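K.L.:
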Amino acid sequence: MEAKIRTCASCSMAGYKNTRGPPQQNVQESPSTPLARSPQQRRRYTREFVEIRHYQKMVELLIPRRPFARVLKEELQGYCARLRIQALALESLQVVTEAFLISMLKEVTIQPMDIQLARRIRDDHS
1 MEAKIRTCAS CSMAGYKNTR GPPQQNVQES PSTPLARSPQ QRRRYTREFV EIRHYQKMVE
61 LLIPRRPFAR VLKEELQGYC ARLRIQALAL ESLQVVTEAF LISMLKEVTI QPMDIQLARR
121 IRDDHS
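Read in order, the letters of the sequence shown correspond to residues 1 to 126 in UniProt numbering.
1. Compute every distance between the C-beta of ARG84 and the non-hydrogen atoms of the ligand SAH, then say whether any falls below 7 Å.
2. Quick check on the DSSP output: what are the complete alpha helix (DSSP H) runs of length 4 or more inside the segment 45 to 121, in order along the chain?
3. On a Cα-Cα basis, can you pick out the residue from THR46, LEU101 and ASP123 that is closest to LEU61?
4. Sort LYS73, VAL95, MET104 and THR109 by Cα distance to VAL59 and report the nearest one.
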């Protein structure tokens with residue numbers, strides 16, 4: 001005589017045994033190390049790293065050309081009213097400006113003394 005195998009209600013096919021074992025408690029363990037991060041934090045950092053890699057691979061300039069040209073022309077008005085600038089010179093000034101800003105922003109946290117240093121450097125060169 002065959003003994004009937006008792007099945008759980010979630011099993012759809014009769015006659016199959018539940019091999020999952022006893023139900024487990026939903027108890028979250030505390031992280032073993034203080035540096036353990038939740039999956040949401042890991043995903044967030046991964047998204048940020050993808051964005052950083054995207055901007056590192058980019059060759060185009062970050063500052064829009066027209067607003068930069070407008071600011072540059074406003075500054076040049078102080079020296080000479082009819083001064084004109086070539087497109088190549090404008091582009092090279094924009095590249096140098098972005099390089100300066102990126103080197104200044106490589107600090108983890110920008111502090112007031114960093115801004116003061118940038119202002120002093122700017123005043124020395126003008």
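Beta carbons are placed, not taken as given, at the ideal position from N, Cα and C, and that holds for glycine.
Since this is a predicted model, take the numbers as computed values, not measurements.
P.N.:
Per the coordinate set shown:
1. No copy of the ligand SAH appears in this structure; indeed no ligand is present at all.
2. 65 to 77 and 87 to 105
3. Selected option, being the one with the closest Cα: LEU101.
4. VAL95
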